[in-house]
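Per my numbering, the sequence shown starts with residue 571, numbered consecutively.
Inspection log for the structure reproduced underneath, given as structure tokens.
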Amino acid sequence: MSTEPSAGNSDTQLPFLPLPPGARGPLEPLPLGVAPPGLGTPLVIAEGVLTKAAGVADEVFDAFHGPAGSVREPAAKAARELAGWESAAALRTSLKNWENQTKAVEGWLAKISESLRSSSHAYTGTDQGIEQGFSALRGLS
Numbered sequence: 571m572s573t574e575p576s577a578g579n580s581d582t583q584l585p586f587l588p589l590p591p592g593a594r595g596p597l598e599p600l601p602l603g604v605a606p607p608g609l610g611t612p613l614v615i616a617e618g619v620l621t622k623a624a625g626v627a628d629e630v631f632d633a634f635h636g637p638a639g640s641v642r643e644p645a646a647k648a649a650r651e652l653a654g655w656e657s658a659a660a661l662r663t664s665l666k667n668w669e670n671q672t673k674a675v676e677g678w679l680a681k682i683s684e685s686l687r688s689s690s691h692a693y694t695g696t697d698q699g700i701e702q703g704f705s706a707l708r709g710l711s
């Protein structure tokens, strides 16, 4: 049994009811000078803020990397000392999980830093490109 209407079925409905004359539809452009709904003030980022934030992410990475890695030797030593005990296997498993998690955190921090730098370059490049475009137009007048 098909739920699709047949080709000759006149009972199918339009997706939108026709608008009365003079009414505005949902896809018509807004009048000039009217801001689209949901848009507030434009985002303005001071020069250097994103690069500075990337530097902070680098500092967090450096501050995290050393202490996170310092767990490795004591945990491995404890596992060796407990050879033959169930605790040794648990310590090795915990150390493996710890190393996986620290690698993930370090990866996130590196990606955050990289993304902030990339965003900074894109943002300043866009500003410079717009300024160059307008300066070319200013020279024509």
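A virtual CB, placed ideally from N, CA and C, is assigned to each residue, including glycine.
Here the structure is a predicted model, which is why all the values come from computation and not from measurement.
One thing to note: Leu620 has its Cβ within 8 Å of the Cβ of Leu686. Ser690 counts as buried, since no fewer than 16 other beta carbons sit within 10 angstroms of its beta carbon.
If you ignore the 5 residues before and after Thr694, its C-beta comes within less than 8 Å of the C-beta of Glu617, all in its own chain and listed in chain order. Here DSSP, grouped into helix, strand and coil, assigns Ser640 to coil. The Cβ atoms of Leu679 and Ala627 lie closer than 8 Å to each other.
A Cβ-Cβ distance of about 5 Å is found for the pair Ala649 and Ala658, placing them in contact under the 8 Å criterion. Glu617 sits in coil when the DSSP states are folded into three classes, being neither helix nor strand.
Around the CB of Ser640, fewer than 16 other CB atoms lie within 10 Å, so the residue is classed as exposed.
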